[in-house]
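Trainee: I am attaching a structure below and will ask some questions about it afterwards.
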Amino acid sequence: MIKLENLSKVYRTDEIESTALNQVSFEIKKGEFVSVMGPSGCGKSTLLNVLGMLDKPESGSYKFQGTEVSGLNEKGRSAVRKQNIGFIFQNFNLIDELTVFENIELPLIYNKISASERKERVNKLIEKIGISHRSSHFPQQLSGGQQQRVAVARALITNPPLILADEPTGNLDSSHGNEVMELLCNLNEAGTTIVMVTHSSHDASYSQRIINLLDGQIVSEKRSNLSQAAV
Ligand code: ADP
Ligand code: ADP
Numbered sequence: 001m002i003k004l005e006n007l008s009k010v011y012r013t014d015e016i017e018s019t020a021l022n023q024v025s026f027e028i029k030k031g032e033f034v035s036v037m038g039p040s041g042c043g044k045s046t047l048l049n050v051l052g053m054l055d056k057p058e059s060g061s062y063k064f065q066g067t068e069v070s071g072l073n074e075k076g077r078s079a080v081r082k083q084n085i086g087f088i089f090q091n092f093n094l095i096d097e098l099t100v101f102e103n104i105e106l107p108l109i110y111n112k113i114s115a116s117e118r119k120e121r122v123n124k125l126i127e128k129i130g131i132s133h134r135s136s137h138f139p140q141q142l143s144g145g146q147q148q149r150v151a152v153a154r155a156l157i158t159n160p161p162l163i164l165a166d167e168p169t170g171n172l173d174s175s176h177g178n179e180v181m182e183l184l185c186n187l188n189e190a191g192t193t194i195v196m197v198t199h200s201s202h203d204a205s206y207s208q209r210i211i212n213l214l215d216g217q218i219v220s221e222k223r224s225n226l227s228q229a230a231v
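Numbering-wise, UniProt numbering puts 89 at position 89 of the sequence shown, and it's gapless, one number per residue.
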């Protein structure tokens, strides 16, 4: 699904150059659940932004489902993103002025799905993640755990084959964090590919592979403990 070869990203501000990713190469197959770990500033968010086609690499190759991403223009990247990628952020990134229902509905509007189908799909998913009684509430009226479940639902509503998650439990206590991790695991078991940035080795243990970054380079890669134990 994802193939990076010698991918580099350099940020330039005035005279200062900062290499966020330095010749990174790896492959992620369909159905994998991969964690990306490493100290602050090592390039994790940049990597996720490049994978999500929000940020352009400096050099190297990024193939998504066989298509060279650098060959696409902004419109092409946006179309691939809308159809294939769901994003989950540490700060939930819900729109405060929209209800739970409307937040989850938004990606379907972007994808030009009819109102009746939107209603059916959103209600079904809201029920599945256990927040139907909160459908007409606003994000600020929910607990953190509930807000992140709404954010996960918004990422899932279009059934994207790939989920990119940046510290999805970073603002949650451990019990709500575990709920979100279990939601992600269920998704992965149903076939969704997940790439997750995390500081938490507990969260990483839910994934099958852990990629460790340091100064923009992959320094090690291993199978996670849980999946080893499960074998
Ligand atoms: P992480 O997510 O692992 O904390 P980042 O990907 O955010 O790391 O950052 C990697 C490096 O790139 C850091 O040295 C950071 O300072 C730099 N960087 C990130 N974003 C920008 C930016 N917009 N402009 C300049 N430098 C940046
Ligand atoms: P949950 O396990 O359902 O996330 P919490 O223990 O976090 O529950 O919260 C208990 C109840 O209080 C929940 O129904 C939640 O919606 C509500 N709640 C939590 N935080 C807030 C808040 N800031 N404003 C309004 N209601 C809240």
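Don't be surprised by glycine CBs; every beta carbon is placed ideally from N, CA and C.
(1) Looking at the secondary structure, which residues open and close the beta strand (DSSP E) in which N159 lies?
(2) What is the rounded straight-line gap between the Cα of A229 and the Cα of K82?
(3) Which term fits Q65, buried or exposed, when burial requires 16 or more other beta carbons within 10 angstroms of its beta carbon?
(4) With a threshold of 7 Å on Cβ separation, who are the neighbours of E179 within its own chain once the five nearest residues in sequence on each side are excluded?
(5) Per DSSP, which one or two residues make a beta bridge with E27?
(6) Rank K3, E68, P161 and E167 by C-alpha distance to the C-alpha of A190 and give the top, closest one.
(7) So does the stretch 121-128 actually touch the stretch 40-60, counting three or more Cβ pairs closer than 8 Å?
(8) In its own chain, which residues sit with a C-beta less than 8 Å from the C-beta of L7, not counting the 5 before and 5 after it?
(9) Can you tell me whether I16 is buried or exposed, with buried defined as 16 or more other CB within 10 angstroms of its CB?
(10) Could you check the C-alpha separation between V219 and L184 for me, to the nearest Å?
(11) Are the CB atoms of T99 and H137 nearer to each other than 8 Å?
(12) Is the beta carbon of S18 within less than 7 Å of some heavy atom of ligand 1?
(13) Which same chain residues end up closer than 8 Å to Q141 when comparing Cβ atoms and leaving out the 5 residues on each side of it in sequence?
(14) To which residues does DSSP link T193 through a beta bridge?
(15) Among the candidates R12, R154 and D215, whose CA atom is the shortest distance from the CA of F87?
(16) Is the beta carbon of I210 sitting closer than 8 Å to the one on F33?
(17) Short of 6 Å in beta carbon distance, which residues of its chain neighbour T19, apart from the five on each side in sequence? Order them along the chain.
(18) So, with DSSP's three-state summary, where would you put K44?
(19) Can you tell which of N91, I157, E97 and N103 has its C-alpha closest to the C-alpha of E117?
(20) From the DSSP output, which residues share a beta bridge with Y11?
Mentor: In brief:
(1) The residue you call residue 159 lines up with position 159 of the sequence shown. No beta strand (DSSP E) contains N159, which DSSP labels as neither H nor E.
(2) Taking the sequence shown and counting its residues from 1, one reaches residue 229 at position 229. Taking the sequence shown and counting its residues from 1, one reaches residue 82 at position 82. Only weak support exists for where A229 lies, its pLDDT of 40 falling under 50; the coordinates are left without a value.
(3) Along the sequence shown, one-based indexing puts residue 65 at 65. Classification for Q65: exposed.
(4) Here residue 179 is taken as the residue at index 179 of the sequence shown, counted from 1. If you ignore the 5 residues before and after E179, its C-beta comes within less than 7 Å of the C-beta of G145, all in its own chain and listed in chain order.
(5) In the sequence shown, counting from the first residue as 1, residue 27 sits at position 27. Answer is K3.
(6) The residue given as residue 190 occupies position 190 in the sequence shown. Considering only alpha carbons, the answer is P161.
(7) They do not touch, by the three-pair rule.
(8) One-based indexing of the sequence shown puts residue 7 at position 7. The answer, listed in chain order, is L21, Q23, V24, S25, V50, P57, S59, G60, S61 and Y62.
(9) Position 16 of the sequence shown holds residue 16. Taking a 10 Å sphere around the C-beta of I16, we find fewer than 16 other C-beta atoms and assign the residue as exposed.
(10) Against the sequence shown, residue 219 aligns to sequence position 219. Against the sequence shown, residue 184 aligns to sequence position 184. C-alpha of V219 to C-alpha of L184: approximately 26 Å in a straight line.
(11) Here residue 99 refers to the residue found at position 99 of the sequence shown. Here residue 137 refers to the residue found at position 137 of the sequence shown. Result yes, Cβ atoms of T99 and H137 sit closer than 8 Å.
(12) Within the sequence shown, residue 18 is the residue found at index 18, counting from 1. Correct: S18 has its Cβ closer than 7 Å to ligand 1.
(13) As a position in the sequence shown, residue 141 is number 141, starting the count at 1. Contacts found: R134.
(14) Against the sequence shown, residue 193 aligns to sequence position 193. The partner list for T193 (beta bridge, DSSP) reads L162.
(15) Here residue 87 refers to the residue found at position 87 when the sequence shown is read from its first residue. Checked all of R12, R154 and D215; the closest Cα to F87 is R154.
(16) If you number the sequence shown from 1, residue 210 lands on position 210. If you number the sequence shown from 1, residue 33 lands on position 33. No Cβ-Cβ contact shorter than 8 Å links I210 with F33.
(17) Locating residue 19 in the sequence shown gives position 19, counting from the first residue. Scanning its chain for C-beta atoms nearer than 6 Å, with the 5 sequence neighbours on each side dropped, one finds around T19 the residues V10 and G216, in chain order.
(18) Here residue 44 corresponds to residue number 44 of the sequence shown, with the count starting at 1. Under the three-state reduction of DSSP, K44 is assigned to helix.
(19) The sequence position of residue 117 within the sequence shown is 117, counting from 1. Restricting attention to N91, I157, E97 and N103, the CA atom closest to the CA of E117 is found in I157.
(20) Counting from one through the sequence shown, the residue named residue 11 turns up at place 11. DSSP output for Y11 lists S18 as bridge partner(s).
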